[in-house]
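Q: Once you've had a glance at the structure underneath, I'll fire off some questions.
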Amino acid sequence: MKTVFITGANRGIGLALCQAYLTEQWRVIACCRAPHQATELNAMANAKLDIYTLDVTDYDQVTALAKKLNNISIDLIINNAGVYGPKGYGFGHCDVTAWQKVFEVNAIAPAKLAEAFYEHLKRADNSIFAAISSRVGSHTENTKGGGYIYRSSKAALNSVVKSLSNDLLPQGIKTVALHPGWVKTEMGGPNALISAAESAKGLKSVLDTLTREQSGGFYSYTGDQIPW
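Here my numbering is used: position 89 in the sequence shown is 87, and no number is missing along the way.
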């Protein structure tokens, strides 16, 4: 039985990913900040589902959970937890405090998660560390400007994934940055184009077929490669 570790599992894409992997009989380690409030996640009650409290920016908590799961092999980590930050601001109006918070959640925390669970990934054959990014983090596709806070955090995340690919692939661990599409979630809003279930299905398909040659790459949920 394969094991997947998912952060931000209480709603949206994270919740849909939990359902997708449970359907395929994976063991799912689902993490979120407040499991007692995760009504839909708890409703998935399943012998293969384990739910843990985890704030990805609480590095002591991350380390403690890694130690608690010390003897477990993890085939796949999906760092889905992320925040958007302020909306509607323009050049000259970037909130520095908000920027620091978004950058920590979206770029620093995934790197620390990879460090904490490196040994767990090493125990599994052909394991993967995946990070949910966004195509707005692509320098090539940034033709409109704006969005400084979220864009820069996802561009930094992509750089983290690329560095991880160089460091971890020799150990048999693949890495990938994934664009989930514009999804109808709390972050994506009601006007988004696809459902969380559709996004999760596509993301899982990409991960199911990810090759060593694709490690360190940036891909859409449709399987299309996105330019840096």
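Ideal Cβ placement from N, Cα and C applies to all residues, glycine included.
Go to A109, then tell me how far its alpha helix (DSSP H) extends in each direction, as first and last residue.
A: A107 to A114
Q: Taking F101 as part of the alpha helix (DSSP H), name the residues at either end of that continuous run.
A: Unbroken alpha helix (DSSP H) run through F101: V94 to F101.
Q: Considering only C-alpha positions, which residue in the set Y219, A198 and K172 is nearest to R210?
A: K172
Q: Any chance you could list the beta strand (DSSP E) runs of at least 3 consecutive residues sitting entirely within the stretch 59 to 85, in chain order?
A: 74 to 77
Q: Is the beta carbon of C30 sitting closer than 7 angstroms to the one on N44?
A: Contact flag unset, no.
Q: If you draw a straight line from the C-alpha of D206 to the C-alpha of N77, how long is it?
A: 16 angstroms
Q: Quick one: measure Cβ to Cβ for I130 and I27, integer angstroms, because I've assumed they're closer than 8 angstroms.
A: Actually they do not touch by this definition, with Cβ atoms about 16 angstroms apart.
Q: Can you tell me whether T209 is helix, strand or coil according to DSSP?
A: coil
Q: Where does F3 land, buried or exposed, given buried means 16+ other C-beta within 10 angstroms?
A: Classification of F3: buried, given that the 10 Å Cβ count is 16 or more.
Q: Using the Cα positions of V204 and T220, report the straight-line distance between them to the nearest angstrom.
A: 8 angstroms
Q: If I measure Cβ to Cβ from S157 and keep anything under 7 angstroms in the same chain, skipping five residues before and after, which residues do I get?
A: Closer than 7 angstroms at the Cβ level, and outside the excluded window around S157, lies no residue.
Q: Given a cut-off of 7 angstroms on the beta-carbon distance, is the pair A175 and A18 in contact?
A: no
Q: Leaving out the 5 sequence neighbours to the left and right, which residues in its chain are closer than 6 angstroms to K202 when beta-carbon positions are compared?
A: Same-chain partners within the cutoff: A18.
Q: L47: buried (16+ other C-beta within 10 angstroms of its C-beta) or exposed?
A: By the neighbour-count rule (16 or more Cβ atoms within 10 Å), L47 is buried.
Q: With a cut-off of 8 angstroms, do at least 3 Cβ pairs link the stretch 129 to 149 to the stretch 66 to 86?
A: yes
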